[in-house]
Structures are given as structure tokens and as C-alpha cells.
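The opening residue of the sequence shown carries number 188 in our numbering; numbering runs sequentially from there. The C-beta atom is built at its ideal place from N, Cα and C for all residues, glycine as well. Because the structure is a prediction, the values reported are computed rather than measured.
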Amino acid sequence: MIQIDSFKSANDLIKEFKKEFQEVSEGSIKGIFSGFEKLDDLTSGFQPDDLIIIAGRPSIGKSSFVLSMIRNIAFDFGKSVALFSPEMSSKQIIERLICFETGLSLSKLRRGSLQKHEWELFSVKSKKIEQASIYVDDSYNLTIQSLSELARIYVREKGVNIIMIDNIHQLMSVNQGKGNITREQELSEITRGLKSLAKELHIPIVAVSQLSREVENRSSKRPILSDLRGSGTIEEIADIVSFIYRPEYYNIEEWDDDEQMPTFGQGDLMIAKNRHGDLKNIRFKFTQNIGKFDNLQEYSDLYPKMNHEDNPFITKNLPSANEAFGSNLNDDDDDSDVPF
Numbered sequence: 188m189i190q191i192d193s194f195k196s197a198n199d200l201i202k203e204f205k206k207e208f209q210e211v212s213e214g215s216i217k218g219i220f221s222g223f224e225k226l227d228d229l230t231s232g233f234q235p236d237d238l239i240i241i242a243g244r245p246s247i248g249k250s251s252f253v254l255s256m257i258r259n260i261a262f263d264f265g266k267s268v269a270l271f272s273p274e275m276s277s278k279q280i281i282e283r284l285i286c287f288e289t290g291l292s293l294s295k296l297r298r299g300s301l302q303k304h305e306w307e308l309f310s311v312k313s314k315k316i317e318q319a320s321i322y323v324d325d326s327y328n329l330t331i332q333s334l335s336e337l338a339r340i341y342v343r344e345k346g347v348n349i350i351m352i353d354n355i356h357q358l359m360s361v362n363q364g365k366g367n368i369t370r371e372q373e374l375s376e377i378t379r380g381l382k383s384l385a386k387e388l389h390i391p392i393v394a395v396s397q398l399s400r401e402v403e404n405r406s407s408k409r410p411i412l413s414d415l416r417g418s419g420t421i422e423e424i425a426d427i428v429s430f431i432y433r434p435e436y437y438n439i440e441e442w443d444d445d446e447q448m449p450t451f452g453q454g455d456l457m458i459a460k461n462r463h464g465d466l467k468n469i470r471f472k473f474t475q476n477i478g479k480f481d482n483l484q485e486y487s488d489l490y491p492k493m494n495h496e497d498n499p500f501i502t503k504n505l506p507s508a509n510e511a512f513g514s515n516l517n518d519d520d521d522d523s524d525v526p527f
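As C-alpha cells, then:
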């Protein structure tokens with residue numbers, strides 16, 4: 188017998204909206220802030236029920252961006268985060284978080300070659316990480332079904348507010364290897380499963396996705412939606428689709444905009460689909476040696492490689508004091524550095 192319990196009347200929906208609108212107007216924000224100001228302005232925080240895709244080519248910074256968000260969400264906003272990471276081990280993840288907090292490079296941490304003040308810094312910052320509500324599952328060969336079961340437990344027992352997955356292409360469907368099921372069909376099943384899970388748990392889910400090699404064959408290396416690897420369903424189902432783009436990855440030294448500023452230590456998050464708002468490219472600071480993304484807002488971030496000769500605010504080729512005022516100014520052997 189057909190049930191109609193899943194239907195809601197317009198009256199009920201308006202009441203729910205008014206209640207949420209009232210809560211928002213009183214300062215109760217339902218979105219999960221990423222800690223990246225321009226991104227949060229665009230999304231009002233990642234919203235419940237949403238599936239957010241962050242895609243990019245290998246080694247472009249996808250995992251770094253996700254871990255930077257996890258750091259911000261857990262440390263700065265006190266939210267609880269669950270990360271499913273079939274790709275990186277839990278040890279590698281905690282190493283990255285330590286690098287973020289201490290500013291120490293990963294190679295220095297792994298060698299253990301820390302000076303006394305660095306050990307003290309490590310001791311203080313590691314306690315902060317210990318207190319964060321971050322849960323990591325690095326199980327390999329994880330199916331969408333087992334991930335969903337674990338996610339329900341994390342939300343129910345740990346109060347998890349947002350789930351991150353790195354990455355969607357490492358997950359398996361229950362039909363993998365059966366009959367004529369293609370990988371594209373499996374990815375379609377996985378994507379639909381994640382969107383369904385987000386709606387069931389009423390939390391946002393962020394998933395990393397890979398891109399096809401097509402982007403490497405174009406003169407412009409900026410990704411487009413058709414570059415999403417393996418399934419058009421990702422583009423169709425996701426609420427937000429974004430791409431990580433770092434020109435340095437391609438040895439491109441200037442940005443492809445009107446300003447053509449240096450690309451050193453910077454990256455773009457390209458919002459290519461946004462079911463709830465505008466499309467936009469958001470620029471970030473990227474610290475290579477610790478693999479961390481930050482807000483880009485300081486002058487020193489915008490011009491990190493500018494030296495004295497390149498600085499437009501320093502006037503060049505001015506005459507010396509002797510040339511300007513005459514050499515007899517210092518004939519009295521005055522040792523003062525001031526000529527007057």
C-alpha cells in the first residue's frame with residue numbers, strides 16, 4: 188500500500204521556514220563555517236542536507252584544503268568533525284594537523300630534529316589537538332553502506348556536525364565487481380548514497396573527488412564541470428561543486444586575470460556549481476612546506492616574492508645627498524648620518 192507520509196504541505200513547510208528564519212535572525216546560524224571568510228560569506232556556512240564536492244588533480248592540494256577546513260571547524264568553532272580517509276592514514280593526518288598548529292615542516296617533525304623552544308611549542312599545541320572533536324576512520328576498501336552505518340554512529344554517539352570524505356573514488360559500492368556494472372555506475376550509486384545520507388542525518392557532507400586528465404590537455408589549466416572524473420552524476424547530485432586550482436602546480440607564475448599578480452603561495456577555490464547562490468573564484472594563501480590553506484588578506488600575502496627592487500612604493504634612482512645638495516655639506520667631518 189502506498190504511503191504519503193513523506194509529503195509535507197505548503198502550510199507545514201512555511202511554518203518550518205519561518206521558524207528557521209526566526210532562529211537565523213536571532214543569531215542562530217545553522218551552517219557549518221569553514222573558517223574561510225569569503226567562502227563562508229558565499230555559502231552562509233555549509234548547510235544541513237548538502238553534499239559539497241571539492242575536486243582537483245593529484246597533488247594540487249585537495250587533502251590539504253579539507254584538513255585546513257577540519258582544523259578551522261574543530262579548533263576555531265568547536266564543532267565535531269568525522270573524516271573518512273581511505274587515502275591517507277590517521278598518522279599522516281595527525282602529522283598534518285601538528286604542522287598546521289606549530290608551523291613546523293613535516294620533514295622536521297619526522298626527523299625529530301626540534302630545538303628546545305620547538306619542543307615546547309609542540310607540547311603546547313599538541314594538547315590543543317588532543318582536545319579537538321575530530322574523529323578519523325582510515326579504513327581501506329570502505330563501501331558506501333559501511334560508511335553510512337559508521338556515520339550514523341558518529342552522529343548519534345559523538346554528536347558529529349559535519350562529515351568529510353577523502354576521497355569519493357576510494358569508496359566501493361555493494362555492486363562492485365558484479366556483472367556488467369561499470370565504475371561510472373558505481374560512482375553514481377556512491378554519490379546518490381552520500382546525498383541521501385546527508386539528508387537523513389541532516390548534516391553537510393564534504394567529499395573530495397578526482398578530475399580526469401582532460402584538463403592537462405588544454406592550454407588553460409582551470410578545471411570545468413565536465414572534468415569531474417567518472418560520473419556526470421556527481422555534477423548532477425551535488426549541491427556545491429568546487430575545484431582547487433594552483434597555478435604554481437603548472438609552473439605558471441602570474442594569475443590569468445587583469446592584475447596578473449604573482450601566483451606564489453596562492454590558490455583558487457573555483458565554485459563551479461552552487462545550488463543556493465553565486466558562482467565565484469575565491470583566492471587563498473597556501474603555505475607549501477606545511478600544506479596549509481589560509482585566508483588571503485594581508486599585503487604580504489598578496490606580494491610574497493616582491494623584493495626591494497620590485498616594490499612600486501620605493502622610489503628608485505634618487506640622487507645622493509651630495510649630488511642633491513653639494514659635496515661641501517660634509518666638509519666639516521661631521522659624523523652625523525643626518526645631512527642637516
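- The Cβ atoms of I349 and I390 sit closer than 7 Å to each other.
- Out of G419, I340, P410, E387, the CA that lies nearest to the CA of R433 is found in P410.
- If you look at A394, you'll find it in the beta strand (DSSP E) that goes 392–397.
- In the three-state DSSP reduction, Y432 falls in the strand class (E or B).
- For Q372, the uninterrupted alpha helix (DSSP H) segment begins and ends at 370–388.
- The beta carbon of L226 lies closer than 6 Å to those of I469 in the same chain, with the five residues before and after it left out.
- DSSP places K479 in the uninterrupted beta strand (DSSP E) bounded by 479–482.
- In the DSSP assignment, the residues bridged to T330 are M359.
- A straight line joining the alpha-carbon of V311 with that of L284 spans about 13 Å.
- Your pair K249 and I240 does not check out as a contact, with CB atoms roughly 10 Å apart and the cut at 8 Å.
- Per DSSP, the continuous alpha helix (DSSP H) segment holding V253 begins and ends at 249–258.
- Taken through DSSP and simplified to helix, strand or coil, R462 comes out as coil.
- Contact annotation, I331 with E376: C-beta distance approximately 7 Å; criterion of less than 8 Å satisfied.
- Rounded to the nearest angstrom, the gap between the Cα atoms of K217 and K266 is 12 Å.
- Taking a 10 Å sphere around the C-beta of Q234, we find 16 or more other C-beta atoms and assign the residue as buried.
- Taking the CA atoms as reference points, K195 sits about 27 Å from V347.
- Around the beta carbon of D228, fewer than 16 other beta carbons sit within 10 angstroms, so the residue counts as exposed.
- For I427, the beta-bridge partners assigned by DSSP are I239, N461.
- One thing to note: L384 has its Cβ no nearer than 7 Å to the Cβ of S326.
- Here DSSP, grouped into helix, strand and coil, assigns I439 to coil.
- Here N438 is exposed, its C-beta having fewer than 16 other C-beta atoms within 10 Å.
- Secondary structure at Q453: strand, using DSSP grouped into helix, strand and coil.
- Beta-bridge annotation (DSSP): L415 is paired with L398.
- I352 and D263 have their C-alpha atoms spaced approximately 21 Å apart.
- A direct Cα-to-Cα measurement between S429 and K479 gives close to 18 Å.
- For V311, the secondary structure class from DSSP, reduced to helix, strand or coil, is helix.
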